[in-house]
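Inspection log for the structure reproduced underneath, given as structure tokens.
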Amino acid sequence: MKNQIGNNIYSLIKKLYPINRSITGDGNRLTLNIIKKIIPELKILEYKSGTKVFDWEIPPEWNVSDAYIEVENKRIVDFKKNNLHLMSYSQPMNKYISLNELKQHLFFYKDMPDAIPYKTSYYKKNWGFCVSYNFFKKLKKKKYKIVINSKFNNRGCLSIGEMLIKGKSKNEILISSNICHPSLVNNELSGPTILTFIAKHLSEKKNFYSYRLLFLPETIGCITYLNKKLKEFKNKFIAGYHLTCFGDNGDFSIVNSKNNNSYSDKIAELMLQTKKNKKKYSFLECGSDERQFNYAGINLPVVALTRSLYGKFKEYHSSNDNLSIANPKSLNDSFNFIKDILEVIEGDYKVFSKTICEPFLSKKNLYRSINNNKTTIDERNMFNVLYYSDGRSISDISLITKINPLEVIKIVNLLKENNILLLKR
Amino acid sequence: MKNQIGNNIYSLIKKLYPINRSITGDGNRLTLNIIKKIIPELKILEYKSGTKVFDWEIPPEWNVSDAYIEVENKRIVDFKKNNLHLMSYSQPMNKYISLNELKQHLFFYKDMPDAIPYKTSYYKKNWGFCVSYNFFKKLKKKKYKIVINSKFNNRGCLSIGEMLIKGKSKNEILISSNICHPSLVNNELSGPTILTFIAKHLSEKKNFYSYRLLFLPETIGCITYLNKKLKEFKNKFIAGYHLTCFGDNGDFSIVNSKNNNSYSDKIAELMLQTKKNKKKYSFLECGSDERQFNYAGINLPVVALTRSLYGKFKEYHSSNDNLSIANPKSLNDSFNFIKDILEVIEGDYKVFSKTICEPFLSKKNLYRSINNNKTTIDERNMFNVLYYSDGRSISDISLITKINPLEVIKIVNLLKENNILLLKR
Amino acid sequence: MKNQIGNNIYSLIKKLYPINRSITGDGNRLTLNIIKKIIPELKILEYKSGTKVFDWEIPPEWNVSDAYIEVENKRIVDFKKNNLHLMSYSQPMNKYISLNELKQHLFFYKDMPDAIPYKTSYYKKNWGFCVSYNFFKKLKKKKYKIVINSKFNNRGCLSIGEMLIKGKSKNEILISSNICHPSLVNNELSGPTILTFIAKHLSEKKNFYSYRLLFLPETIGCITYLNKKLKEFKNKFIAGYHLTCFGDNGDFSIVNSKNNNSYSDKIAELMLQTKKNKKKYSFLECGSDERQFNYAGINLPVVALTRSLYGKFKEYHSSNDNLSIANPKSLNDSFNFIKDILEVIEGDYKVFSKTICEPFLSKKNLYRSINNNKTTIDERNMFNVLYYSDGRSISDISLITKINPLEVIKIVNLLKENNILLLKR
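Residue numbers (my numbering), protein chains in the order written: chain F, 649 to 1073; chain E, 649 to 1073; chain A, 649 to 1073.
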């Protein structure tokens, strides 16, 4: 079936969409448990509120049972209808206020008058409601009842999903995405749902490398994980990718790692080159957890994989980033992009010619027996791969010959079967 | 006389043009002996059929006394009229066949309806005739008599021409070309004939470097030579060039060596830069014996020098690549291109300033005595050469100052005579 | 007051403009003494005529009391009216000559018919007068009286101004300019006058580096100084700039050092990048004392700072390069350009993050407490500076983030005050 995996990813997005998520809370736990049904090996790690993690502290766990604005006994704004209405980490509240006071706690986008903004106030005590500008304009001088049934639990936890897949080698590929966004799709339900099916795909096959797949609350979750686990895997790190804003129809894009010279960058760029429409952002435009991975003292050159980048698409951080922004086809393509990158890393052997001078291909039926002046592309590619099979890696051969790395792998395997090339890790 | 050497080369091409050549055979021997009359120091090396050379084996020697197609007692295709008519390495044959059977052994170019193709079948038993498409179209249902008086001698030899010229240094410059093409001019009688006169030129003067000049049957001849002789010269190799398709009026061109960073590349590129019309091909477009020289295990960074490259000119591998494609002027220019490259290599000293700060040029009559604001180009060049005479080589000075390397040599010699610069190897 | 320093520089130029200067002579001494009134620490060094300096010899000191051409008892050309009229280093003369003989000693620019050229003949005995082409055209067949009251003193001296400013470190920044031009403004009164006020500025503040500021007669003065003093400071050299043609409204420009890879180049280029209109010349276009500093055996990578470069502006070496070519604004800007370069060098610490992962900025009021999708430039810059504060220098951070280096210094200082960054030399 066409876009089968894309369909599965989209179904999962639809299931997770209504859940309220933040950097902590039951919504995150529920999200991880739904994902765990697809990849049962997923571990849900819990880190206690108040724990010091580098320069930060895990905040109290935040949960909301209800939140609304009522006027004349009518709910005019209701968290239960759209969780974006409530600013994340809003303090509990139950009072009547004037329109003037209310206005200081209302957020809207003038340039997207129908959209509900997405706002948070994790580390400064505050409360607020997010509404459309069109709604805001119509508010009249009345008494407004504000109800926020939120709880801050100092003995709560921050939840992280971690899935480790053992390969032949102890060395690891890291892939992460974020689970802290409420009803928002490109940024960011696309990331953890694609990652879920990547995890499923990897767990169903034999891998050379081990994999560390992380479902993180952005920033604080990433910092917590690095604080607790970096030592465990730092020396095993081979390459790493962070999936963010990875679900819409935008051009395939990457945000390079800080020094733009890592193995993560190299392979992502090789696959990016095979795409017709593509964008490369420097680390100067970083914005998600690639910031922490690449930070001084951590130094993991993680590359962000994205379609329409944070801040670069108009629906960003608004209720317009909803189920209509992604579709099975776009999700399937994104899935394949990261899957292909992993395939190249897995197959990235060093290649040695077994012959001195060209092999005698005529006897192996790999060569035209009658010469002609129209060399086919495949034969030219085969020869160019041969010429650079001098101990170079497949990724380096792809780089220099400009042949799609998956095609290089195909050619190398054919030549290996014909006893012409030797492969080494 | 204008184009004197070009005239001599063109005369030699005309003499060699009618001879049938292949990867082995008496035609090659005759060709080498005619060349030997011009450069008597040429050695003709013979390697026996059946000899294993790396992954290959030298094939039986192939000779043809006659070959034709006869219909109603009339020769309609005759090898003696144009040796391109017979596919190289055709099996002996003497039989009557139908038009249908004949058609499976006829080769033509639909897009060059008047031209006879050039075809070979060195390593797969076969036979064939090459004809113009216009001829082919007119063939009727008749009985055709096929006669191919060819002989395959398992005790024959493959012939290679080798000329070694001793210089002051044991270190060597290698130049090669191919002698396996029958009546074809740009590809490739131009190569061995220019090489002949380069050999004559070098043998008539004192050289710093030693020279290894090779007249090779393409691929198998090159592989044979490398198999037998590589150890003898590998450690002496300084730079190498392969002449191919080097005789027509096309832009001066080079095919870079595999890693595009060798001394061969550097000097060829410096001279190429002095040409108005020029082309640079990457090794991904290689096609002649530069393939073997650059191959893993050999690793000699040989650069191909060419005008209209193999496969890039319409007459390629057809009877249109005939005496009209080259002329004394084009051949003279090609000769000078390689001669100039060798002159730069021979003169590529390291240059040291004998003064600290600029020399006092006024007393040497090398400098205007009255300043003016119109510095002539020569004076500017002289100063720029001086500034970079800090132990750099002449080729590096040319690279950085963008002055023609032969002009740098002239300036450096003037300054050396004036006791301002010191030259070291 | 706007352009205060530019006004001061322009006043100094006006004071120095009428004085006759050459590579030696009382005019140079007077110039240095006027400058010394502004920067009393200036030392005036005197080197004797006849002294051998590398390949050169200091010429006799040359002074002129009067020089003119008289016809029918009327002075038609008078050195006292414009010192450009007399070719520098003209021999003494007192005789009547014909128009024909005179013409061999007259210099003019046909393409600038109103301008008096600037000509010298330091090292070849000669005499000459420089006149406008319009004047020249009108000369008639008459007897001309030539009077040149010049003296060549073999026991004279060549004068150099040197100002050393001690900083915390022994390591030095070198800045030089030339004092050998008579009534010419862009080339070159702008250079020594700007350097005077740079000297004043540096001597009034605390510096980390020591400074070596040189007022040199071009070429022979520079060679003399390097011959006598190089050993004293070669190992302390950090960066160096030569100011030349630095006073007009031309684009800010640099002439890169010989190898274009020095610290001098890096910092000058960083500041150049902040300018809207700018030019970069390679060392192949060098023309002033950067030639000697960069020469083999000296190897000080000095970069020339300039506006309209020698030979690139139409007034060059003519009486049109006069007081109208510069103005307080242009001089102020030039002063600031070199002042800013020095500020970046002084502040070019290595920067280390004190946190692993991003710091928790919310508690330091350095970060928005409510997220929004319009990150201000400053915040983005602050983050990008943070990401690259991994031991890199401020200049490297500026290079990679493309943020003005003075802005990087500002951001780094703010973050240092907030205990987030650590600075080391």
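Here a beta-carbon is modelled for each residue, glycine too, at the ideal position from N, C-alpha and C.
Taking the alpha-carbon positions, what's the residue i to residue j distance?
i: I1045 (chain A); j: K928 (chain A); result: 22 Å
i: H965 (chain F); j: Y766 (chain F); result: 5 Å
i: V701 (chain E); j: T872 (chain E); result: 6 Å
i: D996 (chain A); j: N826 (chain A); result: 29 Å
i: N980 (chain E); j: Q652 (chain E); result: 8 Å
i: E705 (chain F); j: T867 (chain F); result: 12 Å
i: M811 (chain E); j: F800 (chain E); result: 28 Å
i: N909 (chain F); j: I993 (chain F); result: 16 Å
i: G654 (chain F); j: S838 (chain F); result: 11 Å
i: K884 (chain E); j: R955 (chain A); result: 52 Å
i: L948 (chain A); j: L1014 (chain F); result: 60 Å
i: K814 (chain F); j: F856 (chain F); result: 9 Å
i: Y889 (chain F); j: Y665 (chain F); result: 24 Å
i: C778 (chain F); j: C828 (chain F); result: 17 Å
i: N782 (chain A); j: L806 (chain A); result: 36 Å
i: I1068 (chain A); j: T1003 (chain A); result: 7 Å
i: K662 (chain E); j: L971 (chain E); result: 7 Å
i: I1057 (chain E); j: I989 (chain E); result: 13 Å
i: N904 (chain F); j: F961 (chain F); result: 19 Å
i: V953 (chain A); j: I823 (chain A); result: Residue identity check: residue 953 (chain A) is Leu in the sequence provided, not Val. Each residue's alpha carbon lies about 10 Å from the other.
Going by CA-CA distance only, name the one from the options that's closest to residue i.
i: G935 (chain F); options: F:Y744, F:F900 and F:L891; result: F:L891
i: K685 (chain F); options: F:N970, F:F845, F:I1059 and F:Q752; result: F:F845
i: S1001 (chain F); options: F:I1042, F:V992 and F:D969; result: F:I1042
i: N1061 (chain F); options: F:F1008, F:N1032, F:I794 and F:V999; result: F:V999
i: E749 (chain A); options: A:K789, A:L678 and A:L948; result: A:K789
i: D1026 (chain A); options: A:I813, A:L918, A:T1049 and A:L837; result: A:T1049
i: N721 (chain E); options: E:I915, E:D674 and E:V795; result: E:V795
i: S901 (chain E); options: E:Y911, E:L918 and E:I886; result: E:L918
i: K758 (chain F); options: F:K785, F:G776, F:K751 and F:L732; result: F:K785
i: Y658 (chain A); options: A:A974, A:N984, A:P1007 and A:Y1035; result: A:A974
Taking CB distances under 8 Å as the criterion, tell me whether residue i reaches chain E.
i: I1004 (chain F); result: yes
i: D1038 (chain F); result: yes
i: S1017 (chain F); result: Summary for S1017 (chain F): the model assigns pLDDT 46, below 50, so the residue's position carries little reliability, and this model does not support an answer.
i: G945 (chain A); result: yes
i: Y781 (chain A); result: no
i: Y1035 (chain F); result: yes
i: Q652 (chain A); result: no
i: R939 (chain A); result: yes
Within the 8 Å Cβ cut-off, does residue i reach chain A?
i: A974 (chain F); result: no
i: L932 (chain F); result: yes
i: N1032 (chain E); result: yes
i: Y771 (chain F); result: yes
Is there a Cβ from chain F that is less than 8 Å from the Cβ of residue i?
i: P1007 (chain A); result: yes
i: D988 (chain E); result: no
i: N1021 (chain A); result: Note that N1021 (chain A) scores 44 on pLDDT, short of 50, meaning its location in the model is unreliable and no value can be drawn from it.
i: S1010 (chain A); result: yes
Using a Cβ-Cβ distance under 8 Å, would residue i count as near chain D?
i: R723 (chain F); result: The chain inventory of the structure shown lacks chain D, comprising the protein chains F, E and A.
For residue i, write down the residues that DSSP places opposite it in a beta bridge.
i: L862 (chain F); result: F:E810 and F:S824
i: K722 (chain A); result: A:V719
i: W704 (chain E); result: E:V701
(message) Tell me which residues of the stretch 872-894 of chain A have at least one Cβ-Cβ distance to chain E shorter than 7 Å, keeping chain order.
(response) L874
(request) With 7 Å as the limit, tell me which residues of the stretch 686-706 of chain A have their beta carbon closer than that to any beta carbon of chain E; keep them in chain order. (result) F702, D703 and W704
(message) Give me the subset of the stretch 743-754 of chain F whose CB atoms are less than 9 Å from a CB atom of chain A, sorted by chain position.
(response) none
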